[in-house]
Ligand code: PMP
């Protein structure tokens, strides 16, 4: 399918909803993307006609469910260009993936005086688990600063990177500012000193092509629901050479080989990392979402979203008293802003009254808000199903709101 905005919008029936009597304008895709019919149909089909547990049964439905589940893993591996299918572990989402690696890998690796390095742009999900494991292991939790415009600062990063740094964990794309970090460069520097690198790709995977082999990261995580897929399913890519060195994170059924009172042996990866019944429908739905994205083409999606971002940026920059937070060159389709003399939640509530869904607050990045000395921002985040008409309406509405709140 080439890029056809009308056809694409028709895949998302929710866009025909009215909110407070107004047509819905959904500018909150960074929180979660809307779901196309093909994804929802695929999940329905699974539950209605294929429901069965995986890796267990000796019957047709179970074998079939196992096949679809493993096909989904292969589809994910292809999408991020993993070297092997077993490098893909299904988790509940990005947050679960970070907790997994920080506890199953970080906790075993880190010793007193070692360092874990993250950036000040991180989502709490890629901040707090590392802070916690540093406390647990007596290692140091270090944070490097970004530039005021939200862009990556190589010097600040290199100043914090040293021979004690054992793990570097960074966002590929910031959920608050849209900044795209040069992760390949970050990884290259980290590798030179022998540090392992975790990349939080939650906001990258829906908007640009990702090649984990080319990046040479050790871990890469993302959530299905931000990629037009279901909630409760996520991905953790673990580079092959680390899998045998890593202990399982959770114990239980499905991940064991032999269990005796004295000792238990585990299955090979990825199964040893997937205790219990996995989110089968989630994996199948995620595969359908990837198929949907592949049919349109991630590069076409990216191009369209960049056009929308440029258009929206121009609109808000023409409204006096609106100040954009985060203007890094090459950023993703996320616009964060504050309006002088107003609170972000008031702006979001008034926008909602006009049918426009945005997010307001700290966006799970409190350290970043502290840097800017603000309690939060209004965040409008875009996706391929948005239109310039919606942005015109957004601009007009925002002007009206500025007038109301300043009176
Ligand atoms: N990292 C980033 C950059 C995010 O945007 C989010 C979701 N807002 C997360 C991590 C956490 O993702 P999830 O809630 O799906 O686990």
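In the working numbering, the protein residues as written are 50 to 456. Just so it is clear, CB atoms sit at the ideal spot from N, CA and C, and this is done for glycine as well.
Residue closest to residue i, alpha-carbon to alpha-carbon, out of the options
i, options, result
"residue 206", "197, 167, 224", "167"
"residue 265", "290, 284, 370", "290"
"residue 158", "118, 196, 145, 213", "213"
"residue 161", "431, 151, 183, 67", "183"
"residue 458", "242, 405, 339", "Only positions 50 to 456 of the chain appear in the structure, and residue 458 is not among them; the question remains open."
"residue 211", "164, 93, 58, 397", "164"
"residue 432", "135, 354, 187", "354"
"residue 380", "221, 55, 90", "221"
"residue 250", "308, 100, 143, 127", "143"
"residue 442", "375, 365, 414", "365"
"residue 174", "134, 270, 280, 287", "270"
"residue 337", "203, 191, 282", "282"
"residue 296", "285, 155, 84", "155"
"residue 400", "446, 102, 219, 279", "446"
"residue 382", "223, 72, 90", "223"
"residue 247", "367, 81, 363, 148", "148"
Cβ neighbour criterion (16 or more within 10 Å) applied to residue i
i, result
"residue 60", "buried"
"residue 310", "exposed"
"residue 62", "exposed"
"residue 193", "buried"
"residue 96", "exposed"
"residue 370", "exposed"
"residue 389", "exposed"
"residue 252", "buried"
"residue 178", "buried"
"residue 54", "exposed"
"residue 397", "buried"
"residue 452", "exposed"
"residue 331", "buried"
"residue 199", "buried"
"residue 227", "buried"
"residue 132", "exposed"
"residue 225", "buried"
Under the three-state DSSP convention, the category residue i falls into
i, result
"residue 336", "helix"
"residue 127", "helix"
"residue 164", "strand"
"residue 372", "strand"
"residue 326", "coil"
"residue 121", "helix"
"residue 159", "coil"
"residue 367", "coil"
"residue 249", "strand"
"residue 269", "strand"
"residue 229", "strand"
"residue 140", "strand"
"residue 258", "coil"
"residue 451", "helix"
"residue 430", "strand"
"residue 67", "strand"
"residue 85", "coil"
"residue 74", "strand"
"residue 132", "coil"
"residue 351", "helix"
"residue 93", "helix"
"residue 112", "helix"
"residue 264", "helix"
(request) Would you be able to state if there are at least three C-beta pairs under 8 Å between the stretch 350 to 359 and the stretch 139 to 157? (result) no
(message) I want to know whether the stretch 343 to 353 touches the stretch 315 to 325 - three or more CB-CB distances under 8 Å.
(response) no
(request) Please confirm if the stretch 303 to 317 is in contact with the stretch 118 to 130, defined as three or more CB-CB distances below 8 Å between the two stretches. (result) no
(request) Mind listing, in chain order, the continuous beta strand (DSSP E) runs of no fewer than 3 residues lying wholly within the stretch 277 to 320? (result) 283 to 287, 305 to 308, 313 to 315
(message) Using a Cβ distance threshold of 8 Å, determine whether the stretch 391 to 409 contacts the stretch 422 to 436, with at least three qualifying pairs required.
(response) yes
(message) With a threshold of 8 Å, are at least 3 pairs of Cβ atoms found where one atom belongs to the stretch 97 to 107 and the other to the stretch 226 to 243?
(response) no
(message) Please give the ranges of any alpha helix (DSSP H) in the stretch 355 to 428, keeping only runs that are unbroken, at least 4 residues long and fully inside the region.
(response) 393 to 402, 415 to 421
(request) Spell out a yes or no on whether the stretch 75 to 91 and the stretch 402 to 409 are touching, meaning 3 or more CB-CB pairs, one atom from each, closer than 8 Å. (result) yes
(message) I'd like the ranges of any beta strand (DSSP E) spanning at least 3 consecutive residues and lying wholly in the stretch 160 to 222.
(response) 164 to 168, 189 to 193, 214 to 220
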